[in-house]
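Contents: one structure, followed by commentary.
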Amino acid sequence: MLRPTPSRMRRDGDLYALEAALVRRGLGPVAGADEAGRGACAGPLVVAAVILPPSARLAELNDSKLLTEAARERVFERLHRSRALISVVSYGPREIDRRGIAVCNLEGMRVAVARLPERPGYALTDGFPVPGLPGSLGVVKGDRTAACVAAAGVVAKVTRDRIMAELGGRHPEYGFGVHKGYGTAAHEAALRRWGPCEQHRLSYANVAASAVPAAA
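Written out as structure tokens, the structure reads:
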């Protein structure tokens with residue numbers, strides 16, 4: 000089976016070139032998988048897998064971190080209106096505490112790809128290969144190099160942001176809708192004042208520290 004070399008994955012060329020090359024070699028359809036929330040200390044980890052329609056060229060598609068919130072929403076809606084195949088899985092704070100973020104992340108990639116309506120011939124992930132995926136290849140800066148990985152990143156990010164906005168309404172004291180559960184200065188201040196809630200990952204050091212009463 001063709002396995003592109005890492006050096007070929009580093010170029011900043013056409014976002015669709017890698018998938019097109021794999022499809023020409025009979026390795027399609029190509030799925031991309033990516034996550035959102037790995038570095039957060041509250042809220043779920045969300046993992047998405049996407050197979051883009053043949054010859055897809057989605058306006059504004061890019062690394063989700065380079066897009067504005069409004070642009071991500073537009074790309075998200077375009078993906079769902081297209082013939083893209085999409086799968087999303089999530090892991091809540093208690094499962095992350097119990098099993099560890101790395102285990103949940105790797106499993107999430109495998110589960111999301113396995114739940115796609117069509118079995119891919121090849122799977123691309125952002126940064127590192129995931130054992131158990133068909134033809135798995137970790138692509139350096141994958142969400143800036145491969146369209147399907149970028150699409151998965153947008154789906155995961157928008158899905159998670161919407162969850163965090165809802166949690167922000169239920170727990171307004173933490174500001175989840177603003178910082179999305181990441182350890183910003185405002186979030187750390189809220190943790191010190193209020194302590195953690197059920198949406199915080201208790202296995203994370205900053206959250207664990209906030210649960211300990213301050214010394215008199």
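Quick note: the sequence shown, position 205, residue 204 per numbering that gives the first Met the number 0, numbers continuous. From the three backbone atoms N, C-alpha and C, an ideal C-beta is built for every residue, glycine too. None of the values given here were measured: they were computed from a predicted structure.
Nearest C-alpha to arginine 161 among Gly182, Leu136 and Glu72: Glu72.
Rounded to whole angstroms, glycine 42 and methionine 163 show a C-alpha spacing of 7 Å.
The Cβ atoms of glycine 141 and threonine 124 sit closer than 9 Å to each other.
In this model, glycine 137 and leucine 105 are separated by some 12 Å (Cα to Cα). From the listed residues Ala204, Leu201, Ala185 and Gly126, the smallest Cα separation to arginine 143 is found for Gly126. Here aspartate 33 really is in contact with valine 148; their C-beta atoms are around 5 Å apart, less than 8 Å. Annotation for valine 206: Cys40, Ala41, Leu190, Pro195, His199 and Arg200 place their beta carbon closer than 8 Å to its own, counting only its chain and skipping 5 residues before and after. In the displayed model, serine 54 falls within coil according to three-state DSSP, outside both helix and strand.
Residues of the same chain with a CB within less than 7 Å of the CB of leucine 21, apart from the 5 flanking positions on each side, are Gly27, Val29 and Tyr121 in chain order. The residue from Ser54, Gly38, Glu18 and Lys64 with its alpha-carbon nearest to that of valine 153 is Lys64.
Restricting attention to alpha helix (DSSP H) runs no shorter than 4 residues, the segment 86 to 114 encloses them at 92 to 98 and 100 to 113, ordered along the chain.
Within the segment 149 to 182, the runs of alpha helix (DSSP H) at least 4 residues long that lie entirely inside it are, in chain order, 175 to 178. Threonine 144 carries a helical assignment under DSSP once its states are collapsed to helix, strand and coil.
Looking only at Leu166, Val157 and Tyr15, the smallest Cα-Cα distance to glutamate 197 is reached by Leu166. For leucine 51, the closest C-alpha among the options Arg37, Pro119, Cys103 and Ile95 is that of Pro119. The residue among Tyr173, Glu59, Gly131 and His178 with its C-alpha nearest the C-alpha of alanine 150 is Glu59. Residue state for alanine 83 is assigned as coil, using DSSP reduced to three classes.
Under the DSSP definition of a beta bridge, tyrosine 121 partners with Val29. Between serine 86 and leucine 115, the C-beta gap is smaller than 9 Å, which places the two residues in contact.
Under a 10 Å Cβ-count criterion, valine 177 is classified as exposed, with fewer than 16 other Cβ atoms of the shown protein chains found around its own Cβ.
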